[in-house]
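Colleague: Before I ask anything, let me first share the structure, which is written out below as structure tokens.
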Amino acid sequence: DVQMTQSPSNLAASPGESVSINCKASKSISKYLAWYQQKPGKANKLLIYSGSTLQSGTPSRFSGSGSGTDFTLTIRNLEPEDFGLYYCQQHNEYPPTFGGGTKLELK
Amino acid sequence: EVKLLESGGGLVQPGGSLRLSCAASGFTFADFYMSWIRQSPGKAPEWLSFIRNKANSYTTEYNPSVKGRFTISRDDTQNVLYLQMNTLRAEDTAIYYCAKHRTVYYFDYWGQGVMVTVSS
Chain A
1 DVQMTQSPSN
11 LAASPGESVS
21 INCKASKSIS
31 KYLAWYQQKP
41 GKANKLLIYS
51 GSTLQSGTPS
61 RFSGSGSGTD
71 FTLTIRNLEP
81 EDFGLYYCQQ
91 HNEYPPTFGG
101 GTKLELK
Chain B
1 EVKLLESGGG
11 LVQPGGSLRL
21 SCAASGFTFA
31 DFYMSWIRQS
41 PGKAPEWLSF
51 IRNKANSYTT
61 EYNPSVKGRF
71 TISRDDTQNV
81 LYLQMNTLRA
91 EDTAIYYCAK
101 HRTVYYFDYW
111 GQGVMVTVSS
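Encoded structure:
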């Protein structure tokens with residue numbers, strides 16, 4: 001199975017700032033990485049797939065980059081609703097596997 | 001609006017069984033692959049199983065951690081996804097989510113999840 005490693009595990013920022021979350025695959029997954037947002041009491045939300053394609057409804061302040069084994073989720077001009085947990089997931093091969101998560105907290 | 005609503009969770013003793021359901025609406029359920037994914041407290045989500053659509057003969061795949069104990073199924077007439085869980089263990093304690101596939105291996109909609117606790 002492809003192991004996914006996210007960093008950092010925790011991240012503190014203020015509204016208006018920009019942050020980056022990293023995800024590293026144990027082997028090449030081409031461009032096939034998804035990012036999800038998780039918030040208490042809400043369904044997980046798909047933000048980005050295929051590394052950089054925004055899911056319909058994802059604000060343009062979110063962007064994804066990378067290929068091969070190294071990927072980054074960048075959130076520019078943080079809004080209050082952006083704070084929560086973020087997970088990466090490779091969708092290049094079976095079985096789909098997830099990273100350990102990054103908690104984005106209000107500074 | 002796509003909605004996925006899980007039910008059937010609860011407290012069960014080790015070795016026991018439970019059947020989870022996921023009621024789907026807002027999309028043509030029969031057309032899509034569907035998955036079950038779980039998440040233990042403080043841990044990463046773990047994909048468990050998916051079931052293909054009728055066009056792909058409803059074939060199934062399982063994570064080795066649950067293969068032989070869990071069975072996924074679907075009822076396209078009622079728009080419901082199921083997960084039959086047998087021989088439950090303490091390590092199966094988690095929130096269980098159903099999720100709709102956008103393409104084969106990623107998920108564009110998730111339910112809010114249902115808690116399963118395996119404890120004596």
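Chains A and B supply the protein sequences, listed in that same order.
Just so you know, the first sequence maps onto residues 1 to 107 in my numbering.
Just so you know, the second sequence maps onto residues 1 to 120 in my numbering.
Yeah, the Cβ is synthetic: ideal placement off N, Cα and C, and Gly gets one too.
Note that the structure is predicted; figures quoted are calculated from it, not measured.
Under the assumption that threonine 102 (chain A) contacts leucine 11 (chain A) (Cβ atoms under 8 Å), give the Cβ distance between them as a whole number of angstroms.
Modeller: By one-based count along the first sequence, residue 102 (chain A) stands at place 102. By one-based count along the first sequence, residue 11 (chain A) stands at place 11. With a Cβ gap of about 6 Å, threonine 102 (chain A) and leucine 11 (chain A) count as contacting.
Colleague: Helix, strand or coil for alanine 43 (chain A) per DSSP?
Modeller: What you label residue 43 (chain A) is simply residue 43 of the first sequence in a count that begins at 1. Residue state, collapsed to three classes: coil.
Colleague: Can you tell me which of the three DSSP states aspartate 75 (chain B) falls into?
Modeller: Reading the second sequence from its first residue, position 75 is the one you call residue 75 (chain B). The answer is strand: DSSP assigns aspartate 75 (chain B) an E or B state.
Colleague: Quick one: what's got a C-beta closer than 8 Å to phenylalanine 71 (chain A)'s C-beta in the same chain, skipping five residues either side?
Modeller: Here residue 71 (chain A) refers to the residue found at position 71 of the first sequence. Contacts found: Asn22, Cys23, Lys24, Ala25, Leu33, Gly51, Gly64, Ser65 and Cys88.
Colleague: Need the endpoints of the beta strand (DSSP E) that alanine 94 (chain B) sits in, please.
Modeller: On the second sequence, residue 94 (chain B) is found 94 positions in, with the first residue counted as 1. Segment 94 to 103, the beta strand (DSSP E) holding alanine 94 (chain B).
Colleague: With C-beta atoms as the reference, is serine 35 (chain B) less than 7 Å away from phenylalanine 50 (chain B)?
Modeller: Here residue 35 (chain B) refers to the residue found at position 35 when the second sequence is read from its first residue. Here residue 50 (chain B) refers to the residue found at position 50 when the second sequence is read from its first residue. It is a contact, given that the beta carbons lie within the stated cut-off.
Colleague: If I follow the unbroken beta strand (DSSP E) through glycine 84 (chain A), where does it start and stop?
Modeller: On the first sequence, residue 84 (chain A) is found 84 positions in, with the first residue counted as 1. Note, glycine 84 (chain A): beta strand (DSSP E), 84 to 90.
Colleague: Answer yes or no: does any C-beta atom of chain A fall closer than 7 Å to that of asparagine 53 (chain B)?
Modeller: Working through the second sequence from its first residue, we reach residue 53 (chain B) at position 53. Asparagine 53 (chain B) does not count as touching chain A.
Colleague: Would the segment 69 to 86 of chain B and the segment 75 to 84 of chain A be scored as touching if the rule is three or more Cβ pairs under 8 Å?
Modeller: Cβ pair count under 8 Å is below three, so no.
Colleague: Quick check: the Cα distance between histidine 91 (chain A) and glutamate 61 (chain B), rounded to an integer number of angstroms?
Modeller: Position 91 of the first sequence, counting from 1, holds the residue named residue 91 (chain A). Position 61 of the second sequence, counting from 1, holds the residue named residue 61 (chain B). The alpha-carbon atoms of histidine 91 (chain A) and glutamate 61 (chain B) are separated by roughly 15 Å.
Colleague: Can you give the beta carbon distance from valine 116 (chain B) to tyrosine 96 (chain B), rounded, assuming they're within the 8 Å contact cut?
Modeller: Here the question's residue 116 (chain B) lines up with position 116 in the second sequence. Here the question's residue 96 (chain B) lines up with position 96 in the second sequence. Indeed, because the Cβ distance is near 6 Å, the residues count as touching under 8 Å.
Colleague: Out of B:Phe107, B:Ala90 and B:Lys43, which one is the CA nearest neighbour of valine 66 (chain B)?
Modeller: Start at 1 with the first residue of the second sequence, and residue 66 (chain B) comes out as number 66. Here the closest residue by C-alpha is B:Ala90.
Colleague: Apply the 10 Å Cβ neighbour rule to aspartate 92 (chain B) and answer buried if 16 or more other Cβ atoms are within range, or exposed otherwise.
Modeller: Position 92 of the second sequence, counted from the start, is the residue given in the question as residue 92 (chain B). Per the 10 Å Cβ criterion, buried.
Colleague: Can you find the residues in the same chain that come closer than 8 Å, C-beta to C-beta, to valine 19 (chain A), ignoring five residues on each side of it along the sequence?
Modeller: Looking up residue 19 (chain A) in the first sequence gives position 19. Cβ within range, chain order: Leu11, Ala13, Thr74, Ile75, Leu78 and Leu104.
Colleague: Give me the Cβ distance between proline 45 (chain B) and phenylalanine 98 (chain A), rounded to the nearest whole Å; I'm assuming they're in contact under 8 Å.
Modeller: Counted from its first residue, the second sequence places residue 45 (chain B) at position 45. Counted from its first residue, the first sequence places residue 98 (chain A) at position 98. Correct: roughly 5 Å between the Cβ atoms.
Colleague: Starting from the beta carbon of phenylalanine 107 (chain B), find every residue of chain A whose beta carbon is closer than 7 Å, and list them in chain order.
Modeller: Position 107 of the second sequence holds residue 107 (chain B). Neighbours of phenylalanine 107 (chain B) on chain A, chain order: Leu46.
Colleague: So the candidates are B:Ile37, B:Trp47 and B:Phe32; which of them puts its Cα closest to the Cα of asparagine 56 (chain B)?
Modeller: As a first step, residue 56 (chain B) must be located in the second sequence, where it is residue number 56. Among B:Ile37, B:Trp47 and B:Phe32, the Cα nearest to that of asparagine 56 (chain B) is on B:Phe32.
Colleague: Taking C-beta to C-beta, are glutamine 21 (chain B) and lysine 3 (chain B) nearer than 7 Å?
Modeller: Along the second sequence, one-based indexing puts residue 21 (chain B) at 21. Along the second sequence, one-based indexing puts residue 3 (chain B) at 3. First, the amino acid is wrong: residue 21 (chain B) is serine here, not glutamine. Contact flag unset, no.
Colleague: For the beta strand (DSSP E) that contains leucine 106 (chain A), what are its first and last residues?
Modeller: What you label residue 106 (chain A) is simply residue 106 of the first sequence in a count that begins at 1. Unbroken beta strand (DSSP E) run through leucine 106 (chain A): 102 to 106.
Colleague: Indicate whether at least one CB of chain A lies closer than 7 Å to the CB of alanine 24 (chain B).
Modeller: Numbered from 1 along the second sequence, position 24 holds the residue referred to as residue 24 (chain B). Cβ-Cβ to chain A under 7 Å: no for alanine 24 (chain B).
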